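Only one structure is covered here, and it is reproduced in the block below.
Protein chains in written order, with full-length UniProt numbering: chain A, 1 to 156; chain B, 1 to 453.
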């Protein structure tokens, strides 16, 4: 069980992370304050770091969650333009999280792209039934290709 | 102890009575029912109680223990009295086959009926002579007849009939009937034993099947998990390599770029291998979902041709596509899957050909069929290897050093083409190039036939 008292600290850490990467990202275009926000829900820290780096260099704001519960919390409390969702995650799986999100009024219209390495027919079908825009297989795409698809949905 | 003369039943009444018994006994196959009916039917159906028959016992050979086992006993008051008195419970009154003086063993071995006026002849062992005599006195039995139960010359056990009359009072008709009765018993016991054995093995098979199904589910889970776990690190490698190669980190020296491109190619191969393994297991298990639609094969072939043009040009190969003007090419397939097949064949042709050409040729070999050939001027494939080429994990040895495939490509092609009711094959001889081909039925061929699968 997550200690509720730890929650604020976690957010602070994330903010610090964003700050520091923004500071060092002098060579990359700085995401504007009104830049579209992508919520990345991904439990593998290595992959998260990789996509985050790429997305920020493409001028996007990135919010990150490393499990389904955290993802659901951020999706409902923060201003989010697009959600990138991994499926196999601790605490709350990607699709269970999405199902809960869709049950909330606010969560019905979120643009969601599944980005996973899980390719089971049932999962794909369930994702599509939950109104996912695309089901992307991580290993088949470069971060650049993922970013292009995301930007297309954001109208950029 | 004397032998009882045995004849085939003659009187009409005896034959009718036997028919009745046979119906009752052979009606069931369950072993417990059968052995109960055997010891009851003579008393209940033919009322032999009136004729002085008191206790009927069925004894069968136990295959494992080399003993004759008492398996069932008629439910008469005498039998109940006996069960109360005996010191050994009925199911444990075994007679070892080594007790050669026991009349049960004797009748079994000699395959001849016997009778006795002295119960130690049939109860010792397991009981002492004194005990045996006292039990006989208790139930007032005068005679016991022991008949072997024989099927196809093999003794299965014996039937013991205990009577409150002497052997002289047993009529010829009774003897006939009992002789015929033991034959029916033989058949019934054999049937029941076979049935029980069959039931046992089908139960075992059912259990095995269940286990296999569980294992199959576990295997699916495993493949899917393993693929997921393998894909994550490969994704990270692919991602970072692509970012460096795409210049995200600025310019890099050409030599480093070359190394990274090689690393990337090897990683792509791993990704393909995992993808192919997942594909194979999905196709084999029938879990792959096909998006069937009517489509022109020419269109798919052209798309593939365009995809590989640049690569062939880079290798200095002449790549061409030949489509007759009046081709019939409308097929009912999953276009992506057929694209995958043609791409696989063209990719192989480009990969293994160093000089010359790669041709994609479409034709109608028969009015209702369309054929795609991918011909190249490569080294060719020996007859020996052709046979094994479409098998799982097979890779051509004669071109080793170049083989960076997964060994699954052609196998998947075969599975897919066969899924769409087509055939796939290859014509080649050493040093003369190879022509891989497949043929698919046209959509109109299917429409003309009544819906089958």
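All residues carry an ideal CB built from backbone N, CA and C; glycine is no exception. Small disclaimer: the values here were computed from a predicted structure and weren't measured.
Of the residues that make up the region 215-239 of chain B, which ones have a beta carbon closer than 9 Å to any beta carbon in chain A?
So the close ones are 220, 224, 225, 227, 228, 229, 230, 231, 232, 233, 234, 235, 236, 238, 239.
Check whether residue 492 of chain B and residue 56 of chain B have beta carbons under 8 Å apart
Nothing about residue 492 of chain B can be read from this structure; chain B reaches only from 1 to 453.
Is the beta carbon of residue 22 of chain B within less than 7 Å of some heavy atom of the ligand SAM?
As for the ligand SAM, it is missing from this structure, which has no ligand bound.
Going along chain A, which residues have a C-beta under 8 Å from residue 242 of chain B?
Taking the second chain and counting its residues from 1, one reaches residue 242 of chain B at position 242. Result: 142, 143, 144.
I think residue 440 of chain B touches residue 370 of chain B, with their Cβ atoms under 8 Å apart; what is that distance to the nearest whole Å?
By 1-based counting over the second chain, the position of residue 440 of chain B is 440. By 1-based counting over the second chain, the position of residue 370 of chain B is 370. The beta-carbon separation of residue 440 of chain B and residue 370 of chain B, rounded to 6 Å, stays under the 8 Å limit for a contact.
Under 8 Å, Cβ to Cβ, is there at least one residue of chain B near residue 97 of chain A?
As a first step, residue 97 of chain A is located in the first chain; it is residue number 97 there, counting from the start. It does not: the Cβ of residue 97 of chain A has no partner Cβ on chain B nearer than 8 Å.
Are the C-beta atoms of residue 289 of chain B and some chain A residue less than 8 Å apart?
Residue 289 of chain B sits at position 289 when you count from the first residue of the second chain. Residue-level contact by beta carbon holds for residue 289 of chain B and chain A, with a gap shorter than 8 Å.
Taking CB distances under 8 Å as the criterion, tell me whether residue 278 of chain B reaches chain A.
Against the second chain, residue 278 of chain B aligns to sequence position 278. Taking 8 Å as the CB threshold, residue 278 of chain B lines the interface with chain A.
Can you give me the Cβ contacts of residue 144 of chain A inside the same chain, cut-off strictly under 8 Å, excluding the 5 residues immediately before and after it?
The sequence position of residue 144 of chain A within the first chain is 144, counting from 1. Contacts found: 54.
Okay, do the region 112-122 of chain B and the region 78-93 of chain B touch, 3+ Cβ pairs below 8 Å being the bar?
A contact between stretches requires three or more CB pairs, one per stretch, nearer than 8 Å, and the region 112-122 of chain B fails this requirement with the region 78-93 of chain B.
Within 8 Å (strictly less), CB to CB, does residue 75 of chain A reach chain B?
Stepping through the first chain from its first residue, residue 75 of chain A is reached at position 75. For residue 75 of chain A, not one C-beta of chain B is nearer than 8 Å to its own C-beta.
For residue 152 of chain A, the three-state DSSP class (helix, strand or coil)
Looking up residue 152 of chain A in the first chain gives position 152. Helix.
Classification of residue 41 of chain B by the beta-carbon crowding that lies within 10 angstroms, buried from 16 upward
Stepping through the second chain from its first residue, residue 41 of chain B is reached at position 41. With 16 or more neighbouring CB atoms inside 10 Å of its own CB, residue 41 of chain B falls in the buried class.
I'd like to check one pair, residue 72 of chain B with residue 36 of chain B: are the Cβ atoms closer than 8 Å?
Start at 1 with the first residue of the second chain, and residue 36 of chain B comes out as number 36. Start at 1 with the first residue of the second chain, and residue 72 of chain B comes out as number 72. One thing to note: residue 36 of chain B has its Cβ within 8 Å of the Cβ of residue 72 of chain B.
Supposed close pair residue 143 of chain B, residue 159 of chain B - CB separation, criterion 8 Å:
For the purposes of this step, residue 143 of chain B is taken as residue 143 along the second chain, with counting starting at 1. For the purposes of this step, residue 159 of chain B is taken as residue 159 along the second chain, with counting starting at 1. Not quite, the Cβ-Cβ distance comes to about 14 Å (not below 8 Å), so this is no contact.
Run of the beta strand (DSSP E) containing residue 153 of chain B, from where it starts to where it stops:
Taking the second chain and counting its residues from 1, one reaches residue 153 of chain B at position 153. For residue 153 of chain B, no beta strand (DSSP E) run applies, since DSSP gives it neither H nor E.
Once you ignore the five residues that flank residue 52 of chain A on each side, which residues in its own chain have a CB closer than 7 Å to its CB?
Position 52 of the first chain, counted from the first residue, corresponds to residue 52 of chain A. 40, 62, 64, listed in sequence order.
Contact residues within the region 103-135 of chain A, judged by C-beta distance below 7 Å to chain B:
For the region 103-135 of chain A, the set of residues with a beta-carbon nearer than 7 Å to any beta-carbon of chain B comprises 117, 118, 119, 120, 121, in chain order.
Would you mind sorting residue 259 of chain B into buried or exposed? The rule is 16 or more other CB atoms within 10 Å of its CB.
Along the second chain, read from residue 1 onward, the residue named residue 259 of chain B stands at position 259. The residue is exposed, with fewer than 16 neighbouring Cβ atoms inside 10 Å.
For residue 87 of chain A, which of A:97, A:78, A:111, A:79 has the nearest alpha-carbon?
Mapped onto the first chain, residue 87 of chain A falls at position 87. Cα-wise, what sits closest to residue 87 of chain A is A:97.
Between residue 1 of chain A and residue 66 of chain A, what straight-line distance do the alpha-carbon atoms span, to the nearest angstrom?
For this step, residue 1 of chain A is matched to residue 1 along the first chain. For this step, residue 66 of chain A is matched to residue 66 along the first chain. Per-residue confidence for residue 1 of chain A stands at a pLDDT of 45, beneath the threshold of 50, marking its modelled position as unreliable; the derived number appears in the next sentence. The C-alpha of residue 1 of chain A lies about 15 Å from the C-alpha of residue 66 of chain A.
Excluding the five sequence neighbours on either side, which residues of its own chain have a C-beta within less than 7 Å of the C-beta of residue 106 of chain A, listed in chain order?
Mapped onto the first chain, residue 106 of chain A falls at position 106. Take residue 106 of chain A, set aside five residues on each side of it, and the residues of its chain with a beta-carbon closer than 7 Å to its own are 76, in chain order.
Supposed close pair residue 114 of chain A, residue 135 of chain A - CB separation, criterion 8 Å
For this step, residue 114 of chain A is matched to residue 114 along the first chain. For this step, residue 135 of chain A is matched to residue 135 along the first chain. Contact holds; Cβ gap of about 5 Å.
Quick one: does residue 252 of chain B have its CB under 8 Å from some CB of chain A?
Against the second chain, residue 252 of chain B aligns to sequence position 252. Not closer than 8 Å to any Cβ of chain A, the Cβ of residue 252 of chain B fails to qualify, so no.
If residue 485 of chain B and residue 67 of chain B are in contact, beta carbons under 8 Å, what's the gap, nearest whole angstrom?
Given that chain B is displayed from residue 1 to residue 453, the structure contains no residue 485 of chain B and the question cannot be resolved.
Using beta-carbon positions only, say whether residue 59 of chain B and residue 75 of chain B come within less than 8 Å of one another.
For the purposes of this step, residue 59 of chain B is taken as the residue at position 59 of the second chain. For the purposes of this step, residue 75 of chain B is taken as the residue at position 75 of the second chain. Not closer than 8 Å, so no.
Taking Cβ positions only, does residue 44 of chain A come closer than 8 Å to chain B?
For this step, residue 44 of chain A is matched to residue 44 along the first chain. Answer yes: the Cβ-Cβ gap between residue 44 of chain A and chain B drops below 8 Å somewhere.
Between the CA atoms of residue 38 of chain A and residue 82 of chain A - distance to the nearest angstrom:
If you number the first chain from 1, residue 82 of chain A lands on position 82. If you number the first chain from 1, residue 38 of chain A lands on position 38. Between the alpha carbons of residue 82 of chain A and residue 38 of chain A lies a distance of about 5 Å.
For the putative contact between residue 138 of chain A and residue 231 of chain B, defined by C-beta atoms under 8 Å, what is the C-beta separation to the nearest angstrom?
Translated into the one-based positions of the first chain, residue 138 of chain A becomes position 138. Translated into the one-based positions of the second chain, residue 231 of chain B becomes position 231. The C-beta distance from residue 138 of chain A to residue 231 of chain B rounds to 6 Å, short enough to fall under 8 Å.
From which residue to which residue does the alpha helix (DSSP H) around residue 81 of chain B run?
As a working note, residue 81 of chain B is residue 81 in the second chain. 77-85 is the extent of the alpha helix (DSSP H) around residue 81 of chain B.
Excluding sequence positions up to five away, which residues of its chain have a Cβ less than 8 Å from the Cβ of residue 81 of chain B?
As a first step, residue 81 of chain B must be located in the second chain, where it is residue number 81. For residue 81 of chain B, where only same-chain residues beyond five positions count, the Cβ hits under 8 Å are 138, 139.
Grouping DSSP H, G and I as helix and E and B as strand, with all else coil, what is residue 164 of chain B?
Residue mapping note: residue 164 of chain B aligns to position 164 of the second chain, counting from 1. Looking at residue 164 of chain B - three-state DSSP - the assignment turns out to be coil, as it is neither helix nor strand.
Helix, strand or coil for residue 143 of chain A per DSSP?
Translated into the one-based positions of the first chain, residue 143 of chain A becomes position 143. Reduced to three states, the DSSP call for residue 143 of chain A is helix.
Is the separation between the beta-carbon of residue 59 of chain A and that of residue 35 of chain A shorter than 8 Å?
In the first chain, residue 59 of chain A corresponds to position 59, counting from 1. In the first chain, residue 35 of chain A corresponds to position 35, counting from 1. Inclusion of residue 59 of chain A and residue 35 of chain A in the CB contact set at 8 Å is warranted, their separation being smaller than that value.
Show which residues of chain A have a CB atom less than 8 Å away from the CB atom of residue 322 of chain B.
One-based indexing of the second chain puts residue 322 of chain B at position 322. Per Cβ cutoff of 8 Å: no residues; residue 322 of chain B is ~32 Å from chain A at best.
One question on the structure: do residue 280 of chain B and residue 412 of chain B come within less than 8 Å of each other, judged by their Cβ atoms?
As a first step, residue 280 of chain B must be located in the second chain, where it is residue number 280. As a first step, residue 412 of chain B must be located in the second chain, where it is residue number 412. In contact: residue 280 of chain B and residue 412 of chain B (Cβ atoms closer than 8 Å).
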